[in-house]
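Numbered continuously in my numbering, the sequence shown closes out at residue 172.
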Amino acid sequence: YELYGPKTSSGWGTPISLKGTANVLYSSWIDINWDSEGGYEAVMRISESRITEDFLNTGAIQMYFKSEGSSGISVTPLSYITGNHELSFAAALSTDPQNPFNGILLLLDHVNSQAIDQTTIDYFAGKQVRYVLIPGGASLSKRSRDLPINLDNYEQVKKYYGITN
């Protein structure tokens with residue numbers, strides 16, 4: 008269903024979708040705080056028990072990077088490349104009894120095979136990420152293609168799924 012209104016002299020305007028978003032979950036903005044760093048990568052572990060094998064087979068995970076600069080706040084989807092560095096993410100499932108983990112790994116890699124230095128680590132201090140979990144009953148590739156939005160456009164995702172801030 009779509010809701011129109013209020014009616015103005017120019018017509019009914021753009022409709023608002025009443026499609027429910029009860030199953031879509033999103034995190035608050037999370038400060039980047041590396042769990043391990045050194046050599047060619049830095050890693051941050053974000054625990055999320057709802058990431059299961061079933062979810063990975065049927066759902067989608069989107070992750071966004073937020074930074075502030077001289078032109079204001081910028082929100083971009085991951086993978087994000089700046090200079091010689093790539094910020095990306097991967098879902099992780101570990102059934103190892105010594106180190107069980109369901110969640111997301113935030114990964115910082117150097118794209119030209121050089122070690123990550125302290126300047127690079129410092130660049131990401133104060134910056135944040137947010138993940139969006141979109142469960143579904145169809146394969147990810149089919150659902151992504153069929154969505155009326157571009158999942159790489161944070162503003163569209165925010166509006167479509169009713170995400171605040």
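Glycine included, every Cβ here is placed at the ideal spot set by N, Cα and C.
In this text the structure is predicted, and so the values were computed from the model without any measurement.
Nearest to residue i (by Cα), restricted to the options the options
i: L115; options: T127, P107, N106 and P104; result: T127
i: I53; options: Q125, S120 and L112; result: L112
i: G46; options: D124, S81, N119 and R57; result: D124
i: T89; options: G110, G66 and F131; result: F131
i: A122; options: S17, S35 and E44; result: E44
i: S101; options: E60, T83, G133 and K73; result: E60
i: V164; options: P84, G66 and T65; result: P84
i: G66; options: V82, V31 and P104; result: V31
i: L94; options: T171, A49, Q105 and G143; result: A49
i: N172; options: F96, I80, W41 and N40; result: I80
Cβ-Cβ distance between residue i and residue j below 8 Å
i: M51; j: Y138; result: no
i: N91; j: V118; result: yes
i: V136; j: I68; result: no
i: A98; j: L63; result: yes
i: I141; j: N109; result: no
i: S86; j: K134; result: no
Which of helix, strand or coil DSSP assigns to residue i
i: Y47; result: coil
i: T171; result: coil
i: G18; result: strand
i: D42; result: coil
i: E55; result: coil
i: I68; result: strand
For residue i, the residue or residues it bridges with in DSSP
i: T102; result: In DSSP, T102 forms no bridge with anything.
i: N109; result: L100
i: L94; result: Y87 and L115
i: L63; result: Answer by DSSP bridge pairing: none, since L63 is not bridged.
Just list the beta strand (DSSP E) runs in the segment 112 to 165, keeping only unbroken ones of 3 residues or longer that don't cross its boundaries, in chain order. 135 to 141
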